[in-house]
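Each remark here refers to the structure printed beneath this line.
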Amino acid sequence: MDTYRTEAGRRELQDWCRDELARCRPGVVCGIVDSPLGPTHLTSAGAGPARVVVVPGAPLNAATSRPLIASLAGSCRVTVADVPGQPGLSCATRPPDDLIGRFRSWVDHVLDSVVAEGDGPVVLLGESGGAAAALCATPGPGIAGLVLSSPAGLIGARTTPAMVWASVPWHLRPSSARSARVLASMDGEPSMDDHERVIEWMTLVARHARSSSLLPPPLPNAVLREWRTTPTIVLLGERDPLFPHRRMAPPVRTLLGGTPVVVPGGGHLLSHTHPSDLADAVAELVG
Numbered sequence: 001m002d003t004y005r006t007e008a009g010r011r012e013l014q015d016w017c018r019d020e021l022a023r024c025r026p027g028v029v030c031g032i033v034d035s036p037l038g039p040t041h042l043t044s045a046g047a048g049p050a051r052v053v054v055v056p057g058a059p060l061n062a063a064t065s066r067p068l069i070a071s072l073a074g075s076c077r078v079t080v081a082d083v084p085g086q087p088g089l090s091c092a093t094r095p096p097d098d099l100i101g102r103f104r105s106w107v108d109h110v111l112d113s114v115v116a117e118g119d120g121p122v123v124l125l126g127e128s129g130g131a132a133a134a135l136c137a138t139p140g141p142g143i144a145g146l147v148l149s150s151p152a153g154l155i156g157a158r159t160t161p162a163m164v165w166a167s168v169p170w171h172l173r174p175s176s177a178r179s180a181r182v183l184a185s186m187d188g189e190p191s192m193d194d195h196e197r198v199i200e201w202m203t204l205v206a207r208h209a210r211s212s213s214l215l216p217p218p219l220p221n222a223v224l225r226e227w228r229t230t231p232t233i234v235l236l237g238e239r240d241p242l243f244p245h246r247r248m249a250p251p252v253r254t255l256l257g258g259t260p261v262v263v264p265g266g267g268h269l270l271s272h273t274h275p276s277d278l279a280d281a282v283a284e285l286v287g
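Below, the structure is given as structure tokens:
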């Protein structure tokens, strides 16, 4: 199934992405690589011995990740992969439902593409549903560390009445005000430098993209335990309604062998409200 409702809608969403990335030039380099899930758009910026591969959560992508890119690019080379089947600049075809099967080969392929560009440690960073995709990758010595932000894949997401009341009207009759309520239901009213741009994107997505399950169920324990030998930091929002930090901390420690870090005042979208915290976690792993 195609992600977009119409060809005109696809063009409008992708033009928005290209315009956003053009605002970053000449600091970013964009390209397409073939992958098991189809053409994948990669956006890279920054320089340094360490490299970071970012897998955003749906329905976000590189164009909506400018604050995170700016924070990471100050000290390392960052590459953001638009997830195939999600609104963005990668392949529009929705992949099969087998989460592990479809994303293990895809993330591995993206990592191989980045590793081929040069030497230096590689840190894999995933947020929300993108973290679940990152956890499907094959652990190994090529991955120096793992940073997860409000990750799906460890526990089931908690849906609150406020989220339901905000999301149903947003899907049925999208508007900026309704997109703002969806964001508020996930993050409250935090400081978000790109708040208006994210609202604009969310409104376009609801208008032109087909609805999908944004947050996958927990991954098998055996898959999660494969990461126990990889240095891992997991950032958890103090006020995240989807993945409450008190429920998340135990599986972070027991299954991943990772370090949970609670971000004071943070909600679910830490890459937008606290991008420097994610950059600090990467710096801690690469020394």
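UniProt numbering applies: residue 1 is where the sequence shown begins, and numbers increase by one. Beta carbons are placed, not taken as given, at the ideal position from N, Cα and C, and that holds for glycine. Because the structure is a prediction, the values reported are computed rather than measured.
Is residue j closer than 8 Å to residue i when the C-beta atoms are compared?
i    : j    : result
S149 : L270 : yes
P56  : L154 : no
P84  : C76  : no
A206 : S179 : yes
V261 : E238 : no
S176 : I199 : yes
V110 : T40  : yes
L68  : C17  : no
Return the Cβ separation of residue i and residue j in integer angstroms, given the expectation that the two are a contact with Cβ distance under 8 Å.
i    : j    : result
V123 : A144 : 6 Å
D187 : H245 : Rounded, the Cβ-Cβ distance is 14 Å, inconsistent with contact.
P26  : A209 : At roughly 30 Å, the Cβ-Cβ gap does not stay under 8 Å, so P26 and A209 are not in contact.
V234 : T259 : 7 Å
R66  : D194 : 6 Å
Roughly how many angstroms lie between the CA atoms of residue i and residue j, to the nearest whole one?
i    : j    : result
A63  : V80  : 9 Å
P216 : G156 : 8 Å
S211 : H171 : 8 Å
L60  : R94  : 15 Å
E7   : S185 : 31 Å
D277 : G266 : 10 Å
V107 : P264 : 30 Å
S35  : E127 : 21 Å
N221 : T229 : 15 Å
M248 : D97  : 25 Å
V182 : P169 : 10 Å
E196 : T138 : 37 Å
T232 : A58  : 22 Å
R158 : G120 : 38 Å
R5   : Q14  : 13 Å
G31  : W227 : 29 Å
T3   : E20  : 20 Å
V33  : D82  : 11 Å
P141 : M1   : 36 Å
E284 : L125 : 13 Å
V54  : G38  : 18 Å
A70  : L236 : 21 Å
R253 : L42  : 32 Å
F243 : A50  : 29 Å
C24  : G101 : 34 Å
CB-CB under 8 Å to residue i, same chain, minus the five flanking residues each way: which ones, in chain order?
i    : result
L224 : L135, G153, L154, P251, L255 and L256
Mark residue i as exposed unless 16 or more other C-beta atoms lie within 10 angstroms of its C-beta, in which case mark it buried.
i    : result
T160 : exposed
P151 : buried
E117 : exposed
D112 : exposed
T273 : buried
A22  : exposed
A164 : Looking at the sequence provided, one finds Val at residue 164 rather than Ala. Under this definition V164 is an exposed residue.
G130 : buried
P275 : buried
Please list, in chain order, all residues of the same chain as residue i whose beta carbon is under 7 Å from its beta carbon, the five residues on each side excluded.
i    : result
L72  : G46, V52, V78, A279 and V282
G48  : S75, C76 and R77
T203 : P174, S175, S176 and S179
E12  : L204 and H208
S105 : P36
Leaving out five residues on either side along the sequence, give the residues of the same chain with a beta carbon under 6 Å from the beta carbon of residue i.
i    : result
S44  : V29 and T79
W201 : T64
F103 : A133 and C136
P241 : T160
L99  : P216
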